[in-house]
Each structure stands twice: as C-alpha cells, then as structure tokens.
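Peer 1: Each residue of the sequence shown is one higher than the one before, counting from 269 in the working numbering.
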Amino acid sequence: MTAGANSTVSLELDDIQAAVLYPRPSPYVGTLIFSRVDDRRDGREVLRRLIPALITAAPSSQDPKREAWAAVALTFQGLKALGVPVDSLASFPREFQQGMAARAADVGDTSENAPEHWEQPLGSPDVHLAIYALAPDAKRLEAVLAAARDALRDVPGVAPIWHQDTYMLPNERTSFGFKDGISHPAIECSGIPGTNPHEEPFKAGEFVLGYPNENGDVPAMPEVLGRNGTYAVFRKLQTRVAAFRQYVRAHSKDAVEEQLLAAKFVGRWPSGAPLVLAPERDDPELGADPRRNNAFLFTASDDARGLKCPLGSHARRTNPRDSKIIGVARMHRIIRRSSSYGPMLPEGVLEDDGADRGILFVCLQADLGRGFEFVKTQWIDEGTFFGTPDEMDPLVGPQDGSGWFTVPQQPIRRRLTALPRFVVNRGGEYCFMPGLRALRWIADLLT
Ligand code: HEM
Numbered sequence: 269m270t271a272g273a274n275s276t277v278s279l280e281l282d283d284i285q286a287a288v289l290y291p292r293p294s295p296y297v298g299t300l301i302f303s304r305v306d307d308r309r310d311g312r313e314v315l316r317r318l319i320p321a322l323i324t325a326a327p328s329s330q331d332p333k334r335e336a337w338a339a340v341a342l343t344f345q346g347l348k349a350l351g352v353p354v355d356s357l358a359s360f361p362r363e364f365q366q367g368m369a370a371r372a373a374d375v376g377d378t379s380e381n382a383p384e385h386w387e388q389p390l391g392s393p394d395v396h397l398a399i400y401a402l403a404p405d406a407k408r409l410e411a412v413l414a415a416a417r418d419a420l421r422d423v424p425g426v427a428p429i430w431h432q433d434t435y436m437l438p439n440e441r442t443s444f445g446f447k448d449g450i451s452h453p454a455i456e457c458s459g460i461p462g463t464n465p466h467e468e469p470f471k472a473g474e475f476v477l478g479y480p481n482e483n484g485d486v487p488a489m490p491e492v493l494g495r496n497g498t499y500a501v502f503r504k505l506q507t508r509v510a511a512f513r514q515y516v517r518a519h520s521k522d523a524v525e526e527q528l529l530a531a532k533f534v535g536r537w538p539s540g541a542p543l544v545l546a547p548e549r550d551d552p553e554l555g556a557d558p559r560r561n562n563a564f565l566f567t568a569s570d571d572a573r574g575l576k577c578p579l580g581s582h583a584r585r586t587n588p589r590d591s592k593i594i595g596v597a598r599m600h601r602i603i604r605r606s607s608s609y610g611p612m613l614p615e616g617v618l619e620d621d622g623a624d625r626g627i628l629f630v631c632l633q634a635d636l637g638r639g640f641e642f643v644k645t646q647w648i649d650e651g652t653f654f655g656t657p658d659e660m661d662p663l664v665g666p667q668d669g670s671g672w673f674t675v676p677q678q679p680i681r682r683r684l685t686a687l688p689r690f691v692v693n694r695g696g697e698y699c700f701m702p703g704l705r706a707l708r709w710i711a712d713l714l715t
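1. Please report the distance separating the alpha-carbon of residue 529 from that of residue 576.
2. Closer than 7 Å to a non-hydrogen atom of the ligand HEM - does that hold for the CB of residue 689?
3. Across which residues does DSSP place residue 697 in a beta bridge pair?
4. Can you tell me the Cα-Cα spacing of residue 431 and residue 571, whole angstroms?
5. Does the contact criterion of 3 or more C-beta pairs under 8 Å hold for the stretch 507-519 versus the stretch 603-622?
6. Note down, in chain order, each residue of its chain lying with its Cβ closer than 6 Å to the Cβ of residue 631, except the 5 sequence neighbours on either side.
7. In chain order, which continuous runs of the alpha helix (DSSP H) of length 4 or greater are located wholly inside the stretch 357-394?
8. Can you list, in chain order, the residues of its chain whose CB lies under 6 Å from that of residue 494, leaving out five sequence neighbours each side?
9. Could you tell me whether the stretch 330-344 touches the stretch 278-289, using the rule of 3 or more Cβ pairs below 8 Å?
10. Expressed to the nearest angstrom, what Euclidean distance is found between the alpha-carbon atoms of residue 489 and residue 655?
11. Quick one: residues in its chain with C-beta nearer than 6 Å to the C-beta of residue 579, no 5 flanking neighbours on either side, listed in chain order?
12. Can you tell me whether residue 270 is buried or exposed, with buried defined as 16 or more other CB within 10 angstroms of its CB?
13. Please check the pair residue 499 and residue 633, which I expect to be a contact at CB under 8 Å, by giving their CB distance rounded to whole angstroms.
14. Taking the alpha carbon of residue 373 as the point to measure from, which residue in 698, 651, 645 has its own alpha carbon closest?
15. Would you say the beta carbon of residue 569 comes nearer than 7 Å to a heavy atom of the ligand HEM?
16. Can you tell me where the beta strand (DSSP E) holding residue 633 begins and where it ends?
17. At 3 residues or longer, and completely inside the stretch 293-362: list those beta strand (DSSP E) runs for me, N to C.
18. Counting pairs of Cβ atoms below 8 Å between the stretch 395-409 and the stretch 343-362, do you hit three or more?
19. Would you decide whether residue 459 is buried or exposed? Buried here means 16 or more other CB atoms lie within 10 Å of its CB.
20. Cβ-heavy atom distance between residue 644 and the ligand HEM below 7 Å?
21. Quick one: what's got a C-beta closer than 7 Å to residue 211's C-beta in the same chain, skipping five residues either side?
22. Mind checking which residues open and close the alpha helix (DSSP H) that includes residue 584?
23. Around the C-beta of residue 543, are 16 or more other C-beta atoms found within 10 angstroms, so that it is buried, or is it exposed?
24. Would you give the residue range spanned by the alpha helix (DSSP H) that residue 555 belongs to?
25. Helix, strand or coil: which one does DSSP assign to residue 537?
26. Helix, strand or coil: how does DSSP classify residue 452 here?
27. Would you please state the rounded distance, in angstroms, between the beta carbons of residue 652 and residue 594? I believe it to be under 8 Å.
28. Starting from residue 709, follow the alpha helix (DSSP H) in both directions and report where the run begins and ends.
29. How far does the beta strand (DSSP E) with residue 261 in it extend, from its first residue to its last?
30. Given residue 671, which residues of its chain have a CB within under 6 Å of its CB, disregarding the five upstream and five downstream residues?
31. For residue 447, list the residues DSSP reports as bridge partners.
32. CB-CB under 6 Å to residue 419, same chain, minus the five flanking residues each way: which ones, in chain order?
33. Tell me whether the stretch 532-539 and the stretch 374-381 touch, counting them as touching only if at least three CB pairs, one residue from each stretch, are closer than 8 Å.
34. How many whole angstroms separate the CB atoms of residue 689 and residue 666, which I take to be in contact at a CB cut-off of 8 Å?
35. Quick check: the Cα distance between residue 455 and residue 479, rounded to an integer number of angstroms?
36. How is residue 277 classed by DSSP in three states: helix, strand or coil?
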C-alpha cells in the first residue's frame, strides 16, 4: 500500500483492539494485571478464552463510545514463553526485544528511576501477559474483568503476578490536582474524532502497524503478527504531591501566584483550561468544555515565545503542536491511556503522608523509538529541541535538585532553580498489543 497526500486507507477496525483507537472513558475505573506464562499450552488456552471477550474498534450500536474494554498485550518474553517462532521473534524491533528495564540507560531511567529500585516483578523476565481493563464504573469494569478472570481460572501454567487498580480522582484530576485525559489525536479513517479541531488527523501508521505513517511509508513490521498491532508502554509513575505543593508555595508570594506557577509547570490550569486560551486565571467553564479545552495551537495563538504557556511546560513539551522546534512534532505523537492510582493527598496538605499515589502511565505508538523513547529522552529529559538543552520537564523530568525551569515573562523571564524530582518511575514494561487475528494465530500455534 502506498500513501499519497490524497490516499484513503481503510482501517481493519474489527481486528484492532478498541483500546488503541478509543479515548479512555471519563469517569473511569481500571485494572492492569500482569501474568507469567510457565506453560505455553496453558498460555495459549488463556488467549483462546480471552479473544471472544475482547472489544474491537469496529463501530458498535451497543457501546458506540467503546467505553468499557479489556486489552491484551504481550512482552517480548511473553511472546517467547508462548512459543512464537524465532523468525517472527527476530523481526520485532530492538527496543521491544530488549524491554524497558534493559533500555533503562538509553531512556534515562537511572539513579532513583533505575530498574534495581523498581517494584517487583516489574522489569523482570517474569512479566509476560498484560490485561489492561478500563470502564466508566465498577459494575462495567467487573463485567469486563469477569471474562479475564474466567480465562485465568484453572490454568496452572499461567500465574497472575502483579496488578494495579486505578480510578479517576475527583474532578477528573491527577494527584497533582490537574485535569488529565483531555488531548487525544484524531486518527485518519478511524471515524473517531480527535479533541483538537486545529490539528490535522494523524496517519494511522503512526499508531497502528500496517498502514502509512506521517512520512508516507508503511514501516516494516514484525512477521505474521504485526498488522493491526501497536506497542504499549506501561509505567507506574509515583507522584510526590507534597513536594510539588511545597516547591510551588515556597516560590510564590500568594495563593494566586501559587496557582499560576503550578499551571505554568503543567501548561494547563487545574480545571484543564489551557494557558494559551486562559493566560491570566483558571476558566473552569473552558476546562470543562470538550469542544474548546483542546482547541488550540501555540504559534497560531500568538504564543511563539511561551509568554502564555512556557515552552518547557509539561504539556507543551510532550505535544509542541505548531511550536518552532528542532524536528517535526507530528512524528512523535503518542496516544495516552493513562489512569490514576492511590488516594488523593487532601487539598491544602503540604506534608507527605507516605501513601503511594500517581499515574499508571500508558502510551501507544507504532514505533517505540520514535514515540515513547523519543518523547522521554528528547522532550522530557532535555530541552535542545526548543533551545534550552539543560532544562528538563519541570513536572515529570528526572530532576536531581539542581535543575531549573524558565517561565518566559516580561520584562524579564523568571528562572526557578533547585527543582526536586516530583515523579519517580516505579517500573514498567514494553508490550505489543496485537490485532485479534494475530492473537488467534498465537493461540493456535501447535508446537
Ligand atoms: C506522573 C506523571 C505525569 C503526570 C501527572 C502527567 C500529567 C499530565 C497532564 C495533567 C496533562 C494535560 C492533560 C491533557 O492534555 O490531556 C498531560 C498531558 C500530556 N502528557 Fe503527561 N503526565 C505525566 C507523565 C507523562 C509522561 C511520562 C509522558 C510521556 C512520555 C507524558 C505525555 C503527555 C502528553 C503527550 C500529553 C498531551 C499533551 C497535549 O497533547 O497537549 N506525560 N500530562
């Protein structure tokens, strides 16, 4: 298949898992279960049982928004454990074959974020099969998970070894207090609208294997299993909410400045209102309006210099949109399916209560190197792309206490220094989320 500017591509929606194309529901509850496959035949039996319960991206009159789904993904070790032939294994890209833990030094997972500090068994060769389920409420989640539990029942060769429950915090916010899950790209020919009317739909090949990408190429894909699959990155990111609140308070003269400074870190106000559209103060109506809260570009909104939304803020780094940067932003777009875990730190509390809270970060892309690994290393861990090499993402970057964050303002910019680390990586995995045909192919392997 070749791509031209006017080419139309038909996506095989009935083979693509719903989680790949549909935004996560809001509100939501979710669970991620990792299992180890000790016996390949039992592993295939679990897949055989799971497949009929999987929801695809094909339109459905019963659940038009595809709000409740369980998705299945496998690590490279998992594909091996299931007996996928060596030719197919060898055709997977290097990043995936190595896995997230082995890639730690390449993606900046060092010091506190290094695999030796990860929650076990994350990053170990034991993690094989991922089942990630999300639904608008506990009842529907239970219904989706029941199929997963049935699939795992009385199969001694497959052992669930880790799980994480997630749920939406009040006001759709993350533990830092900011609304999340707003920005979602439109994907050409999916029929599912994106959230930014000013952003051209992305070529499906940026997110799903087997289709042309933004370069107009159909990238090489793993033998047999590739088509309609995608790579899923799972990371348990713990948030140091008290440290964030303390830092922002210590660098603000009053509560108004405190809220503005925190918004400058994120690129949005707590309500979700983007700084470029509401530069002075939060606008809860704008934040709550899905037709407007992501309807913007940066340069086209007269914010090329970042006077409204700092170039180094979290959301602007991770999606620079039309900002003038080194490189092409559209080649590094990722889809997020993150969800929050752990209790809220009550509003106004500045002391750490010791609770484990944060984000189960999940992102999807057709190329791990160009998606997650690029965003993490080039856009989060440094700032060369916008002319400030030594500056990290102030919210999620691996700061060691000596970092800084520039807030452009007039007459002179403000520079915040001695940034501590607000997010710690507790571990994660690179997984492949196959299309349904590919899952069936694995389930039906004979040897
Ligand atoms: C605990 C860690 C994190 C927190 C609390 C967090 C929080 C947020 C928030 C509040 C938003 C704005 C809401 C939205 O636009 O949907 C956002 C956007 C985003 N984040 Fe994060 N994030 C975290 C980690 C990450 C990481 C590790 C990455 C990438 C490797 C990432 C990539 C993105 C992207 C791509 C967007 C969308 C930006 C846009 O399209 O405007 N985030 N995040």
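Even for Gly, the Cβ is constructed at its ideal location relative to N, Cα and C. Keep in mind it's a predicted model, so treat the numbers as computed, not measured.
Peer 2: Taking the definition as stated:
1. 12 Å
2. no
3. 502
4. 42 Å
5. The answer is yes - the stretch 603-622 touches the stretch 507-519, with three or more Cβ pairs under 8 Å.
6. 501, 602, 604, 640
7. 362-370, 372-375
8. 477
9. Verdict: yes, contact present.
10. Going from the Cα of residue 489 to the Cα of residue 655 covers about 34 Å.
11. 654
12. For residue 270, the predicted structure reports a pLDDT of 34, less than 50, and the residue's modelled location is therefore unreliable. A value from the coordinates is still provided. Residue 270 comes out exposed.
13. Taking a contact as a CB-CB distance under 8 Å, the pair residue 499 and residue 633 counts as one, their CB atoms being some 6 Å apart.
14. 645
15. no
16. 626-633
17. 297-305, 337-342
18. yes
19. exposed
20. Residue 644 Cβ: within cutoff of the ligand HEM.
21. Any property of residue 211 remains undetermined from this structure, which presents the chain solely from 269 to 715.
22. 582-586
23. buried
24. Counting along the chain, the alpha helix (DSSP H) containing residue 555 begins and ends at 552-556.
25. Coil at residue 537, not helix or strand.
26. coil
27. 7 Å
28. 704-711
29. Missing from the structure shown is residue 261; the chain here goes from 269 to 715 and no further.
30. 660, 687
31. In the DSSP output, where bridge partners are listed per residue, residue 447 has 441.
32. 314, 317, 318
33. Cβ pair count under 8 Å is below three, so no.
34. 6 Å
35. Those two C-alpha atoms are separated by around 11 Å.
36. coil
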